[in-house]
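Enquirer: This is the structure I want to talk about, given as structure tokens.
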Amino acid sequence: MSNIADLIKKIAFAVDKVAITEGLALEISDEQLEQSIDASFWKAEYRPHKRVSI
Numbered sequence: 104m105s106n107i108a109d110l111i112k113k114i115a116f117a118v119d120k121v122a123i124t125e126g127l128a129l130e131i132s133d134e135q136l137e138q139s140i141d142a143s144f145w146k147a148e149y150r151p152h153k154r155v156s157i
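Read left to right, the sequence shown gives residues 104 to 157 (the working numbering).
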């Protein structure tokens, strides 16, 4: 794993699977679960900036 976001998504997937197993969440396929996590995952989008000397 080269990216912290990948690790966080794997943790979210594992937590969701436990919730499904314990009846605390609706049963959905692994593919649907991954899509749901990706859709709700915050993605940083920064405006380009240019350094200006003072």
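Virtual Cβ for every residue (Gly too), placed ideally from N, Cα, C.
#1: What does the alpha-carbon distance come out to for the pair Lys153 and Trp145?
#2: State the Cα-Cα distance for the pair Met104 and Lys113, rounded to the nearest angstrom.
#3: Hey, quick one: how far does the alpha helix (DSSP H) through Phe144 stretch, first residue to last?
#4: Of the choices Gly126, Ala142, Lys120 and Ser143, whose alpha-carbon is the least far from that of Asp133?
#5: Are Phe80 and Ile131 closer than 8 angstroms when you measure CB to CB?
Expert: In brief:
#1: 25 angstroms
#2: Note that Met104 scores a pLDDT of 49, beneath 50, so its modelled location is shaky; the value from the coordinates is reported in the next line. Answer to the nearest angstrom: the Cα atoms are 10 angstroms apart.
#3: Looking at the DSSP string, Phe144 is not in any alpha helix (DSSP H), and its letter there is neither H nor E.
#4: Lys120
#5: One cannot answer for residue 80 here, as it falls past the ends of the chain, which runs 104 to 157.
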